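Here's the structure we're looking at; comments come further down.
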Amino acid sequence: MSRAVAVTGTGKEARRRLGATELVWLALAGVLVIGAILVALDDQNLFSIANTRDILSRSSLLGFVAIGQTLVILCRSLDLSVGYVMALSSLIAATTMNGDPARVPLAIVAVLLVAGGIGLCNGLIVSVLKVNPFIATLGVGLIIKGYLDTEYQGPAGAVPSSFQQFGFSRIGPIPVSTLVMLIVAVAGILFLRKTRTGYHMFAVGGSADVARLSGIRTGRVLVTAHVLCSIAAGIAGLLIAARFGTGSALVYNSGYDLESIAAVVLGGTLLLGGRGGIAGTIAGVLILAVLDTVFNILAVDPFFKDVLRGTIIVAAVAIYARRQIDRKASRVRFGGDGGSGGSAPPGPRPDQPTPELAGGPR
Amino acid sequence: MTGVASPATTLLRMRGIEKSFLGVQVLHGVDLDLRAGEVHALIGENGAGKSTLMKILAGVYQADGGSVELDGEQVRFEHPLLAQQAGVSTVFQEFNLLPERTVAENVFLGREPRRNRLVDAGRMHADTAALLDDLGLTWLRPETRVSSLSVAGQQIVEIVKALSYDARIISMDEPTAALADEEVELLYRLVAKLKERGVAILYVSHRLKEIFDLSDRVTILKDGALVDTVATSDITSDELVRKMVGRPIASFFPDKLPGTEAGDVRLEIRGGGNEQLDGIDLDVRGGEIVALAGLQGSGRTEIAHALFGVDRFTRGTVRLDGRPLTARSPRQAVRAGLALVTEDRKGEGLVLNQSIAANARLVLDAVLPRRASQGARRIPGILSSLELVSRGSSQEVRFLSGGNQQKVVLAKWLATEPKAIVLDEPTRGIDVGAKERVYTLMRELSAQGVAILMISSELPEVLGMADRIVVLRDGRVAGELPAGADEETVMALATGHETEGTQR
Amino acid sequence: MTVTTQQPTPQRSAGSRAGDLLARVFGGGSATVFALLIVVFAAIFIVNPSFAEPPSLMAFLKQAAPLMILAIGQYFVIVSGEFDLSVGSLVGAQVVIAAALIDGEEGRTVPVILLMLGFGILVGLINGLITTLLKVQSFITTLGMMLVLYGAIRLWTGGAPTGALSEAFRQPGRGGIDMSVVRQLPWALMILVGIVIIAVAVMRSSYGRTLIATGDNERAAGFSGVRVWRVRTLAFVISSVLATLAAILIGGYAGVTAQVGQGLEFTAITAVVLGGAALGGGRGWVVAAMAGALTLEALFVLFNQLSMPSTIRPAVQGVIIIAAVAYAARERARPRHHQEVPSQPQPNEA
Amino acid sequence: ACTTDEPSDTAAPEETEAAGEDPGAEGEEPEDETADGEFFVRADYDRQLAQRDIAPEGDPATPWLQAIEPEYVDTAQYAQDGNTLCFSNASVSNPWRVTGWITMQQQVEVLQQQGLIGEFRVSDAADDDNKQISDIQAFIDAGDCNAIIISPSTTATLTPAVEAACASGVPVIVFDRGVNSDCMATFIHPIGGYAYGADGAEFLVENLEPGSKVLALRILPGVDVLENRWAAAQEIFGDSELEILGDEFTGGDGAEIKNIVTQYLQRGDVDGIWMDAGDGAVAAVEAFEDTGNDYPVMVGEDELSFLRKWQETDITAVAPVYSNFQWRTPILAATMIWAGEQVPVEWVLPQDEITEDDRDEFLDRNADMPSLHYAKFGGEDLPGFPAAWQDR
Ligand SMILES: Nc1ncnc2c1ncn2[C@@H]1O[C@H](COP(=O)(O)OP(=O)(O)OP(=O)(O)O)[C@@H](O)[C@H]1O
Ligand SMILES: Nc1ncnc2c1ncn2[C@@H]1O[C@H](COP(=O)(O)OP(=O)(O)OP(=O)(O)O)[C@@H](O)[C@H]1O
Ligand SMILES: [Mg+2]
Ligand SMILES: [Mg+2]
């Protein structure tokens, strides 16, 4: 959504139209600068190889989940089951591999199938049974939780070292997992910008009725989003397995569900759907990762981190909201209190002799 | 475009269409024929079933009975997409655009052109541009975000979208409801172009003028049943109205009630201005109806909003009954004795999931909570005097027809016993019968000495009801005309065409 | 179309009022929850008839009261079109605050409770004002508040609660009036009944009507003179105050533990939705929301009485919630236009 | 969040091979899946139960320096002058960890004043395994830690990260829960979960008539360390004539505990309660009071609120202990390692339950401590005592 260009309007207006995505990346830059200064005051360097690696590796896990979450949120849905899907996936991966490098491909396929299947359930419950996504995915999460608690009394399975590389190796300063996450992100961006289903996600989120009347099978789009979201969570589960060397059910306690939603919203995607994108989400994830690293370097009390994170998320969204309000009021015909009024911006007009038909931009 | 059909070919034949919702039959065996190259008007009161019929044709609803034949072949559209693929496209009554997406994305929504399975944005833009050029809409750009367009612009995008399907049949459900006369002209030209190409157009409107201007034949529905299909040239507007309403309507605009006389100035704006408006001077006397005319976006609604505290006047003064009024919120305006019937009924006027009763007493609850219950006792009386048709006061308003919804909005404001009332497009999208009821109500109010400011895009209404007409152009008062002015003068002022003859 | 012209509504007779109530309970979106409640209770009584004895029921209501109070608070927020995810954290925070400030001294009970109410009001105000004035979606506002409260309280106490509650503080949640049949009439139940009565009255008052209207269509409400920001902020304050009361009951009932309140926000929201309220606002009945909470608590009891393995319970709970909400959605869905659009059209190859 | 704090001994170090320099060494599949359940390894169970009766080496006045059957290793390879100490903490999200964390900081302060420790760098993973892995990696990458102390949040999942830390060449000290590797310089823990579970279960068996009914209350499923406690209890109950009414998960939430106990009491008598962690024991006792039932035989923990309730009501009870003083040991171990002194490879600390006999003594000692404090915190001799633990 960053390409929207106002055809008419003053330069001032055009500047204000700076896309949400750009703004998030600017915010990321801001956070980096401020963080770097704070870290420098502590006589350290935020951009050292070690710290850069740290930032990047912290972003990968949340990144996967948030990419998926972006898709469902764009469709005006929500997925609160991602944490459980991650946990289940890590267990399926580790128990399927069971230490045998030859079984890695099998495990990956199994994880993606199971995760996709859960996404399918989520999507069908939301689109066919018309259960509010909040409740639907919360319920599905509980069901998975019941299964996990019954089936696994603790970490299970073993991941061969070849697959652990996914969690631990690096290419230069870039962890492999982050690289994969970025590749998935690019794939997601292309998906949204280049495929019909991607286009239709914006439509379904923007207005399901409009989408339906335009011949879009909204149910399928929504289900697709949920399937992709769960698959992304499944990949996150694979990463967990690689990093843990085993599968762990307790991942669901780590709050990735709400954190991923926070990252998506921080990334400028509208919680009500229809606007936003993955590029912004990645910036949102990176902002959270930078904060984490900076807090760690500065040895900020972990509870203070929660306070700051809560504040920052709310503040960021407040800023986006402000921009939104400004934009609505952007049609100025008579500036301030000048009294005699400025000139009307030449609105786009039908090609007819009648002058000044004000079909101006709203 | 599939083959050029001769004007007489019957493209579409609907026979005995039946439809019911929740056990209530809303269409009783309706027949309809559409010929290539004709404009076929469909009229009827609110709730007559026009939109329902159209949605059956569009594949949004499925008929319970009856048949649809396209080119002599029986068809059944299970989904809007199938209708579109068969060359039937529809401009629906409600807007069907995504404000956050571009014109091109909206036009091609659901069938974006692809190359190698990927969306070909370049071609999409090029095709949209070609389509727009073809219709002479060069000022509209494919990459404009729809939310930045005016209502008229959005309406045009809707029509372009319908056209882009290579449609042989286009149905339009009140396409002009949101347009000012000036933009209606543009639509006329589009329709003429389509006719030339042999497209059959099914046209729903409550504006009789358009029916006579545009249509070749007209089908009249009443209570879901077919009344008649006639050639437009064979019928007068009185007859048409009689068929539609089931009774003759003597004079469309009721006369002033005896004893109505313009009293003191109740509502007064001096030099009002803000970002949208400048130098607004306006007086409305008790017992007087003043109309605000102007083109789309000329600032009429803005005046209403500024008066009512939704927006502000940053300059100038407003007085109500001599007392200065600086409403910073609707609440303050209501307290001062002002009422505003908004132009967007569903978006701004009603809480659709709530009952008629809850809607009708909402203002009382919000502004005068202490006297709400007492005030609410008046409401049943008001509703029945408005001849509201409903299944009881606990019915949710979303199930009411447009005209009845408007009556609920009016009742809500009348319950506050306002000193002055602003009516923004009070008859938009409502049928003749309901319109007449609204006009009568306005006469009654002015007989009681209420100051009425009416905003309207329908010139006949402005000319028929107003004691004075204030014409707005570009946020400024372009001139003031007495009752009995003619359409040309008003339009001239509104467009700024021939400014000589009018006084400022 | 069979329609009637609106007649002036006659004064409503007592009979029609009762009829109205029945229609509310067994019609519309709340039918499912009452049906489910009856089924669950019937099942409990069958499994364990002694549960039907008054003392057991009293004990059950005592433990269910806090969640019901939370659900009522959440109802106000949800019906106005918002979410309050911060209540769980707030309950936890309030209990910890109480323990730390009272520190076992009876004399401090009342001042600390007043302070807690003040803190609750403050949290509600912040939630409400950020949501309404800064236009941050409440999901995010309250998510942020949840994090802030969680962190701030632990920051303050160094991670785990300190201090101790006084006996007087524990009375409302734990104690009651001893009497014959029921053994003990819990204070918690009386407080609950009081809150329900007030809540029903509030929802019937002008404020309640404007609140639902705001949830339904905030623009229309605004144009009707509703001070949307005020109405919504007040809903958040109500939610926070009720969360505070719930905290007093929970703290009283079970004392301080580090985990108090965790996850309660989701249970409360689930209860409200189970009670037929629409997320997004404009629909729902406060009594049904409370019944939703009661149903959830009863469900937990049933699981226990059935000796269902505790690990499997979340799964059963999930299935029941989804099924109930889906069923209610089907019930409520009146044919609107989208309903009739089939979801499986032909492939659209262009 | 995960709220447990106990170690696991499932990682029988002898089973694991030395970690190579490959940071992603083969994760071990613990071969402990016996018919008795995933979390019951008879050898470990037997060893822990036996260790309870072995007198630890060292001064009983400083139990945190005692060791049961220590097997000393030479740490000369790690001897160095640097004294930056890095600590990756799983979390401080429950009272047990909070108490221990204060003790640890107090210990560090003492040693810092003595100049033995320079910078003390801490990262807290807030119970998130993945975060803790990143935290450990950050320490490794920073390259200036002279020793890394790790309190893993979960045994199995942190194994690769700990191995990576070992591979970086710094001495790694693991305490509380273990990992499935023996690459670290020392692994410090009290006897363990089996012993803890058994202490309570044996007490119930001894103090209840055959046929009595026992309710087991547990925190969370799936936490290996808690599963060990329950597995040991099951083993002992299995050989007894007690009837186990059920085992319920409470999330450690007092209200939940009270609800569950009340519901059981509505169905019939409950004679004894076994808990896998005692911080909610008071709520369980209150459920009996509020429903007018006789007190059960209780298994609690050395948490003060429980000890006080026990004293006040004079019920039959025992407080198994999961020695909180272990938080001091890793700090001391680090300085010992830097000095090239020998430390036990597996440093097993004593873990003695509190019984009615020594209960009052511990209550006296901790008379001014808050209720969520742990009696065997072992910090009485530190300069910050008692203020540091009182107003935390
Ligand atoms: N470009 C715009 N940006 C934001 N708001 C706009 C824009 N154009 C119009 N509006 C709002 O839309 C409403 C209608 O605008 P305005 O008063 O200019 O039109 P009008 O003359 O009443 O025409 P009509 O009512 O027929 O739409 C007002 O509330 C105005 O503030
Ligand atoms: N989805 C629906 N569910 C129930 N009733 C409906 C539905 N759609 C339309 N109706 C009812 O069917 C009748 C016909 O409605 P329809 O919208 O076709 O009228 P219309 O002629 O288009 O009216 P208007 O001029 O107000 O647009 C009305 O009484 C309306 O209330
Ligand atoms: Mg219609
Ligand atoms: Mg207008």
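Protein chains in written order, with this note's numbering: chain B, 760 to 1121; chain E, 738 to 1241; chain Y, -19 to 330; chain F, 10 to 401.
Each residue gets a CB set at the ideal place from its N, CA and C atoms; glycine is no exception.
On a predicted model such as this, the values are computed, not experimentally measured, just so you know.
Mind listing the chain Y neighbours of residue i? Cutoff is C-beta to C-beta under 7 Å, in chain order.
i, result
"T1079(E)", "F203"
"N268(F)", "Q43"
Where does residue i sit, in a helix, a strand or coil, going by DSSP?
i, result
"G209(F)", "helix"
"P72(F)", "helix"
"Y798(E)", "coil"
"M38(Y)", "helix"
"Q164(Y)", "strand"
"Y331(F)", "coil"
"V955(E)", "strand"
"Q828(B)", "helix"
"G1043(B)", "helix"
"T1051(E)", "coil"
"D31(F)", "Low confidence applies here, because D31(F) scores a pLDDT of 37, under 50, leaving its location unreliable and the question unanswered by this model."
Ignore the nearest five residues each way along the sequence and tell me which others in residue i's own chain have a CB closer than 7 Å to its CB.
i, result
"S757(E)", "V763 and D801"
"I1046(B)", "A786, L787, V790 and L1025"
"D83(Y)", "G143 and A144"
Show which residues of chain F have a CB atom less than 8 Å away from the CB atom of residue i.
i, result
"G235(Y)", "G263, V291, A292, E295 and S314"
"I230(Y)", "A264"
Counting only Cβ pairs nearer than 7 Å, list the residues of chain B close to residue i.
i, result
"V252(Y)", "Neighbours of V252(Y) on chain B: none; closest Cβ ~10 Å, over 7 Å."
"N783(E)", "Those do not exist, as N783(E) stays about 21 Å from chain B at its closest Cβ, beyond 7 Å."
"P1067(E)", "Neighbours of P1067(E) on chain B: none; closest Cβ ~18 Å, over 7 Å."
"S132(F)", "N1055"
At a CB-CB cut-off below 7 Å, which residues of chain E make contact with residue i?
i, result
"I894(B)", "Under the 7 Å cutoff, chain E gives no residues; its nearest Cβ is about 19 Å from I894(B)."
"L972(B)", "V797, P817, F829 and N833"
I think residue i touches residue j, with their Cβ atoms under 8 Å apart; what is that distance to the nearest whole Å?
i, j, result
"G916(B)", "T854(B)", "4 Å"
"I1040(E)", "I1017(E)", "6 Å"
"T956(E)", "L769(E)", "6 Å"
Taking CB distances under 9 Å as the criterion, tell me whether residue i reaches chain Y.
i, result
"A1077(B)", "yes"
"G1035(B)", "no"
"R337(F)", "no"
"F961(B)", "no"
Excluding five sequence neighbours on each side, which residues of the same chain lie with their C-beta closer than 8 Å to the C-beta of residue i?
i, result
"Q320(F)", "R368, D369 and L372"
"P104(F)", "D288, E312, L381, H382 and Y383"
Can a CB atom of chain E be found closer than 9 Å to the CB of residue i?
i, result
"K953(B)", "yes"
For residue i, which residues from the same chain have a beta carbon less than 6 Å from its beta carbon, with the 5 sequence-adjacent residues on both sides left out?
i, result
"K932(E)", "G774"
Anything in chain Y within Cβ reach of residue i, meaning under 9 Å, just list it in chain order.
i, result
"T854(B)", "What T854(B) touches in chain Y: nothing, since even the nearest Cβ is about 18 Å away."
"A899(E)", "Per Cβ cutoff of 9 Å: no residues; A899(E) is ~16 Å from chain Y at best."
At the 9 Å Cβ level, is residue i part of the contact set with chain F, yes or no?
i, result
"S816(B)", "yes"
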